[in-house]
Amino acid sequence: NAVCFSNSYTGLVTNRESGLSALATALTGWAPRWGLHLDENRQPNILVNVEADMSDLADWSVLGDWVGKQVQSDWNLPWGPMPYIIGLPTWASFEMKKALAAAAANYGCPMLWAEGHTVSPP
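Mapping the sequence shown onto this note's numbering, position 16 (from 1) lands on 209, and the numbers just tick up by one.
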């Protein structure tokens, strides 16, 4: 969930890395330019229109879980599901954003866009 949260809310650019590749990057100061390091791979591939009242923290977690469960195994999503979510309320606590990213990350979601809460896709 750290990868999803970082890519989605902080502006960081990161991939899901193994311990070995993270160690190699730390030792050399260089990271391979692949995956979500490239703007062309940081594109939403699922549109989610929220029509529910999202007033409770649990609602945000359930939304992330629901998005992940919609992904079909035969979909061609080489970098994982990356939803663009519209219809969320304009206010959201930090905890709500964390819950959404954490639940979505359970299904391999490396990043998401929540309209009004995250920057637009490149």
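We put the beta carbon where it would ideally sit given N, CA and C, even for glycine.
Next on the checklist: I'd like the span of the beta strand (DSSP E) that includes residue 260, first residue to last.
Outcome noted: Taken as a continuous stretch (DSSP letters only), residue 260 belongs to no beta strand (DSSP E), being part of the alpha helix (DSSP H) at 250-263.
Next on the checklist: Helix, strand or coil, according to DSSP, for residue 305 in the structure here?
Outcome noted: coil
Checklist entry - Roughly how many angstroms lie between the CA atoms of residue 307 and residue 230, to the nearest whole one? => result When rounded, the distance between both Cα atoms is 20 angstroms.
Next on the checklist: Cutting at 7 angstroms between CB atoms, please list the residues of its own chain near residue 194, excluding the five before and the five after it.
Outcome noted: 294, 295 and 298
Checklist entry - Which of the three DSSP states, helix, strand or coil, is assigned to residue 238? => result Under the three-state reduction of DSSP output, residue 238 falls in the coil class, being neither helix nor strand.
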